[in-house]
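Below is one structure, written out as structure tokens; comments come after it.
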Amino acid sequence: MKTKLHYVFFISFFLLTFSISSQQNYWNEANFKEGTQGVSLKNLDDSNYKMYQLDLISLKEQLVGAPIRGQFSGKSNIIVSFPNEAGKIENFRVIEAPVLSQELSMRYPNIKTYLGFSIDNPGTRIRFSVTPLGVNAMTSYTDKATSFLSPTTKISNRQYLVYNRAAKLNTSKSFECLTENTFVPKRENILSNRDANDQILRTLRIAISTTGEYTNFWDDGNAGNGDAQADALAQVVSTLNRSNEVFEVDMAVTFTLVTGIELVYPDAGTDPYTGSFNSELQSTLTSVTGEANYDIGHLFHFGGNNGNAGCIGCVCVDNQKGSGFSSHTFLDNDGGPYMTDFFDIDYVPHEIGHQMGANHTFSHSNEGTGVQSESGSGTTIMGYAGITGSNDVQDHSDPYFHYHSIDQILNNLDVRTCWTSTAIVNNPPVANAGNDYTIPQGTAFILKGASTDADGGDIHTYTWEQIDNGVTTSANFGPTKTTGATWRSRPPSNSPNRYMPILSRVIAGQLTETNPLESVD
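Each residue of the sequence shown is one higher than the one before, counting from 1361 in the working numbering.
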């Protein structure tokens, strides 16, 4: 069994020192009032979500003067608070981290995106957007599941739901990735043992278009804060902002939106999209945006739950780089609107991941790419979590990429060099997976890792991942399996150690369920 200690460091562009400016209490816990256009909460686990009322004006006032990433030195003194699903308010020191290009930021000054670091819990970070549609946030922790915050309806930005995925939103899981299983050959071999710690932030210009169906779905009906095109653009930015959180943390890659409402089509009857989205988007971007003016292109659609990157690894390649799309009905199983984190995490980064060079990592069927190292459906972004029936490991993707995906994308970017670079001053940590051992068959064990860091007080997180390629299904999954993945990936943790299987199963005597014991050589 081959494993790799997959360490991902968090990019920091400024020093964190304790200095809190005056704050207002703009979050107040509230009771949910179910509406005809609101998310259905009847099946939620009460212990994993909370409802809040937001005074958006006060929050915006608190954010005035936030320094812009890359345009200042020193430290930010802008402090804002956000609630979590347990009902606790946390304080974050924030900077503005624009998703919009400089030109678009001037055209759309009411669309802002931010990055924050917790004062209360070092290592916790938040990524959030403030737009005419309200606030969308994603908070990542070192010791528990990622939480999300979104408006409960698209027609009001006052009432918010903050939750983690253990709350079990009643969402549709019928996603189909239609991208052909083309393998981008590795330059030398499938495993390069590289990492993402070269102290370079790679920025790519992304062009995003929307169908008329998507644009009209996100119209909040309030002309006072913008028309349907402005609303749809606001939602595009919110989705891209969450996607950027994943790409930046895992591989120091970020996307800057360089197209505005000229690609946000207001009428499904007159937009250039009739169903052949891959070729139609490419033609649209070539004629409207121009191949020299973007590095990667994507289409957002309100429709069937599917997506297709149009290629694997074609970022930067003219007349191919603008052919990906992601589509969803944005409805839950009861026919009511649902929270967008599934589209923002399970769909868009998955298809963009293909465009950037990553293949699927699930192993329930054979695609012949050499990177199918996640048991069954897999659980990371390039897997198929929740949509493979009996081979499902969990319902939805965790918000991070598998080692193989990071490796494939970074190797592709060594060849596709249309990106611009920004030096990262934070020193990379050094991970150590320890010595190799031979243990008796049928024995539970612990993988112990360690790390060092020249910067001192940085918070480290760790993920142990198996990298053996091969088909693993519910039918052949077990302790006597000698090929393929027998251990699932688990989200980053502040502990460098991994119990195999997880400690709760060892204590319960469940030594062959979910994470089987190795009982063969």
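In this text, a Cβ means the ideal position worked out from N, Cα and C, and glycines have one as well.
Considering only C-alpha positions, which residue in the set 1729, 1677, 1464, 1823 is nearest to residue 1775? 1677
Let me make sure I understand the geometry here. Which of 1651, 1624, 1454, 1722 has the alpha-carbon closest to that of residue 1661? 1624
Rounded separation between residue 1746 and residue 1756 - CA only: 5 Å
Rounded C-alpha distance that separates residue 1408 from residue 1665: 26 Å
Using the Cα positions of residue 1714 and residue 1658, report the straight-line distance between them to the nearest angstrom. 12 Å
Can you tell me whether DSSP reads residue 1661 as helix, strand or coil? strand
Keeping to the same chain, check which residues put their C-beta closer than 6 Å to that of residue 1461; ignore five residues upstream and five downstream. 1616, 1618
Segments assigned beta strand (DSSP E), at least 3 residues, entirely inside the segment 1433 to 1484: 1439 to 1443, 1449 to 1456, 1472 to 1478
Taking CB distances under 8 Å as the criterion, tell me whether residue 1518 reaches chain D. Absence of chain D from the displayed structure is noted, only one protein chain being present.
Simplified DSSP assignment, three categories, for residue 1519: strand
Should residue 1851 be listed as close to the ligand FAD, given that the test is whether its C-beta is under 7 Å from any heavy atom? With respect to small molecules bound, the structure shown includes none, and the ligand FAD cannot be examined in it.
Residue 1876 to residue 1388 span [Cα, whole Å]: Per-residue confidence for residue 1876 stands at a pLDDT of 48, beneath the threshold of 50, marking its modelled position as unreliable; the derived number appears in the next sentence. For residue 1876 and residue 1388, the distance between alpha carbons rounds to 45 Å.
Alpha helix (DSSP H) runs wholly inside the segment 1620 to 1692, at least 4 long, in chain order: 1637 to 1644
Presumed contact (8 Å Cβ cut-off) between residue 1386 and residue 1522, rounded CB distance: 14 Å between Cβ atoms; not a contact.
Hey, could you find the ends of the beta strand (DSSP E) residue 1410 is sitting in? 1409 to 1414
Enumerate in chain order the residues of its own chain whose CB-to-CB distance from residue 1703 is below 6 Å, with the five nearest sequence positions on each side excluded. 1688
Sheet register partners of residue 1863 (DSSP bridge): Partner(s): none; residue 1863 has no beta bridge.
Using alpha carbons as the reference points, say which of 1410, 1817, 1497 lies closest to residue 1605. 1497
Burial state of residue 1860 (16 or more Cβ within 10 Å): buried
In whole angstroms, what is the alpha-carbon distance linking residue 1441 and residue 1426? 14 Å
In whole angstroms, give me the CA-to-CA distance for residue 1804 and residue 1796. 16 Å
Please list the terminal residues of the continuous alpha helix (DSSP H) segment that includes residue 1575. 1572 to 1577
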